[in-house]
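To convert a position in the sequence shown, counted from 1, into the working numbering, add 1.
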Amino acid sequence: MTATRRDIPTRRLLVTGAAGFIGANFVRWWLQEHPDDHVVVVDALTYAGNRANLDGLLGTRCRLEVADINDTGRMASLLRDDALDTVVHFAAESHVDRSIEGPDAFVQANVLGTMSLLKAARTVWLLEGAAPDTHRFHHVSTDEVFGSLGADDPAFSERTPYAPNSPYSASKAASDHLVRAWHHTYGLSVTTSNCSNNYGPYHFPEKLVPLVILNVLRGLALPVYGDGRNVRDWLYVEDHARGIACVIGGGTPGETYNIGGCNEWANIDIVQLICRLLDRRFAADPALGEHYPDAPAAAGRPSTSLIEHVTDRAGHDFRYAIDATRIRTELGFEPAVTFEVGIERTIDWYLDNRNWWETVLDGSYRDTDRAAA
Ligand code: NAD
Ligand code: DAU
């Protein structure tokens, strides 16, 4: 039997990192699906955080607190003063290439930041007993903690041993272990989800999918690491939000759930697909050529002409793939958006939101943050 809205308890959520890509999509979706809930967003507005990602959401049911999750006292005050009963923890340094250049920020945000939040939640929910028993700390993690698969290996399940390879994935693995320990040792009600690669609106253009879309539109090179045969398992970001909601609603405290799309693509194939889809749009709509005169398609050339194979990422994991049997059979979760629909929707979003990405690319999105801070 499916739960009706009336059966679902109302929640008061602290959502960390929701000025970033997935968190912003999550809050947008959650507020729409849970009209009686309240959300406090905590975000330090690092380079990856953008107030514009929360446009149209802030108001009586949702507010933004610009704060670092490492400020344990402030996190505890928010949980206490706003009587928050649910933490959904997205805040992290998330880009593998940056972790290779500078791992320190990843340990600070992902490991120490997660511990800080756990300490705040324990203080307020367990030691002070301020919240009802329905409290939940949901930790958003990644499939990268499981390491790298060979071409024929079975997909990652919840029982796959951890084997992180990059400073990013090692910091996420460490945070997963801390979350587990706070449950086992202190009895905090936690769940963790390990998800595959997301794509969709508000994706910061240092990541593969938005980088390719925007470089095609601007006629810039499409850098493909190595031979481009590395494989990722892609999930539309709103499906990730739905998966997290299933875990918060029905997951067993102390357990972990893999979320994925059963949608594996070699990088070079996804780059070529985006090129083809954009070429088709330029062919169908001559106005696009006027708006984006530097795009190859504006001159009738294929966008794939921009592809350049470049030096591989150090320690580049070959393949990720998620076995999502557990969340499907135990919690009834299935992705709702096919890749064909999701990738078209994503391209539409970038074409319709030029101002968003232009302010990101020229850096002016951060002026708003500084002015408002
Ligand atoms: P993102 O980089 O787009 O956003 C991260 C957000 O966290 C930003 O708004 C940033 O300002 C904020 N932040 C960083 N450090 C902070 C701190 N110390 N205090 C407060 N806020 C801070 O990341 P994303 O791609 O949206 O990923 C969100 C989460 O999901 C991460 O935990 C990531 O590991 C996980 N994840 C991402 C993917 C993916 O494909 N992007 C897949 C699986 C899991
Ligand atoms: O698997 C989940 C992870 O997916 C998340 O935990 C991370 O936060 C998220 O950033 C993402 O990590 P990846 O490293 O897989 O994503 P990225 O978009 O950086 O790269 C995807 C693939 O494309 C990867 O194999 C590297 C390759 N790549 C990436 C870039 C930016 C290129 O070939 N060229 C590029 O310019």
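No residue lacks a Cβ here, since even glycine has one placed at the ideal position from N, Cα and C.
{"Asked": "Under 9 Å, do Y203 and T312 count as touching if we go by C-beta distance?", "Found": "no"}
{"Asked": "Which full runs of the beta strand (DSSP E) of 3+ residues lie inside the region 240-317, going along the chain?", "Found": "257-260, 265-267 and 308-311"}
{"Asked": "Taking the C-alpha atoms as reference points, what is the distance between E34 and E239?", "Found": "12 Å"}
{"Asked": "Between D134 and D154, what straight-line distance do the alpha-carbon atoms span, to the nearest angstrom?", "Found": "41 Å"}
{"Asked": "Sort out for me which residues DSSP pairs R320 with in a bridge.", "Found": "V232"}
{"Asked": "Given 8 Å as the limit, tell me if V97 has its C-beta closer than that to any heavy atom belonging to the ligand DAU.", "Found": "yes"}
{"Asked": "Assign H178 to one of three DSSP states: helix, strand, or coil.", "Found": "helix"}
{"Asked": "Is the CB-CB distance between T257 and S194 below 9 Å?", "Found": "yes"}
{"Asked": "Which first and last residues belong to the alpha helix (DSSP H) in which D349 is found?", "Found": "F340 to D353"}
{"Asked": "In the DSSP output, which residue or residues are listed as bridge partners for Y200?", "Found": "Y237"}
{"Asked": "Which term fits N356, buried or exposed, when burial requires 16 or more other beta carbons within 10 angstroms of its beta carbon?", "Found": "exposed"}
{"Asked": "If the criterion is Cβ atoms closer than 9 Å, does the pair L362 and L215 meet it?", "Found": "yes"}
{"Asked": "Any heavy atom of the ligand DAU closer than 8 Å to the CB of S78?", "Found": "no"}
{"Asked": "In the structure shown, what three-state DSSP assignment does F157 receive?", "Found": "strand"}
{"Asked": "Looking at the structure shown, is F138 part of a helix, part of a strand, or coil, going by DSSP?", "Found": "strand"}
{"Asked": "Please classify G261 as buried or exposed, where buried requires at least 16 other C-beta atoms within 10 Å of its C-beta.", "Found": "buried"}
{"Asked": "At which residues does the beta strand (DSSP E) containing V40 begin and terminate?", "Found": "H39 to D44"}
{"Asked": "Hey, R137 and T186: beta-carbon distance below 9 Å or not?", "Found": "no"}
{"Asked": "Give the secondary structure of G103 by DSSP, where H, G and I count as helix, E and B as strand, and everything else as coil.", "Found": "coil"}
{"Asked": "Measuring only the C-alpha atoms, how far is N111 from I344?", "Found": "29 Å"}
{"Asked": "When the distance is taken between beta carbons, is Y237 closer than 9 Å to P336?", "Found": "yes"}
{"Asked": "Report the three-state DSSP secondary structure of L15 (helix, strand or coil).", "Found": "strand"}
{"Asked": "Considering only residues of the same chain and omitting the five flanking positions on each side of Y321, which have a CB-CB separation below 8 Å?", "Found": "D144, E145, F147, S149, L150, F157, S197, N198, V232, R233 and D234"}
{"Asked": "For E265, I'd like the list of residues in its chain whose CB is within less than 6 Å of its CB, leaving aside the five on either flank, ordered along the chain.", "Found": "V232, D234 and A322"}
{"Asked": "With hydrogens ignored, establish whether the beta-carbon of K120 is closer than 8 Å to any heavy atom of the ligand NAD.", "Found": "no"}
{"Asked": "Work out the CA separation of L85 and N268 for me, nearest whole Å.", "Found": "41 Å"}
{"Asked": "With E66 as the anchor, note down where its beta strand (DSSP E) starts and where it stops.", "Found": "C63 to V67"}
{"Asked": "What did DSSP end up calling P211 once you bin it into helix, strand or coil?", "Found": "helix"}
{"Asked": "Quick check on the burial criterion: 16 or more other C-beta atoms within 10 angstroms. Buried or exposed for S365?", "Found": "exposed"}
{"Asked": "Would R99 and F107 qualify as a contact pair, given that the criterion is a beta-carbon distance under 9 Å?", "Found": "yes"}
{"Asked": "Nearest-angstrom Cα distance between A4 and G333?", "Found": "Any reading at A4 is ruled out, since the residue's pLDDT is 47, under 50, leaving its predicted position unreliable."}
{"Asked": "According to DSSP, is T192 helix, strand or coil?", "Found": "strand"}
{"Asked": "Hey, would you say M116 sits closer than 9 Å to L179, going by beta carbons?", "Found": "yes"}
{"Asked": "Among Y169, L55, G60 and A49, which residue has its Cα nearest to the Cα of G103?", "Found": "Y169"}
{"Asked": "Any heavy atom of the ligand DAU inside 8 Å of the beta-carbon of R314?", "Found": "yes"}
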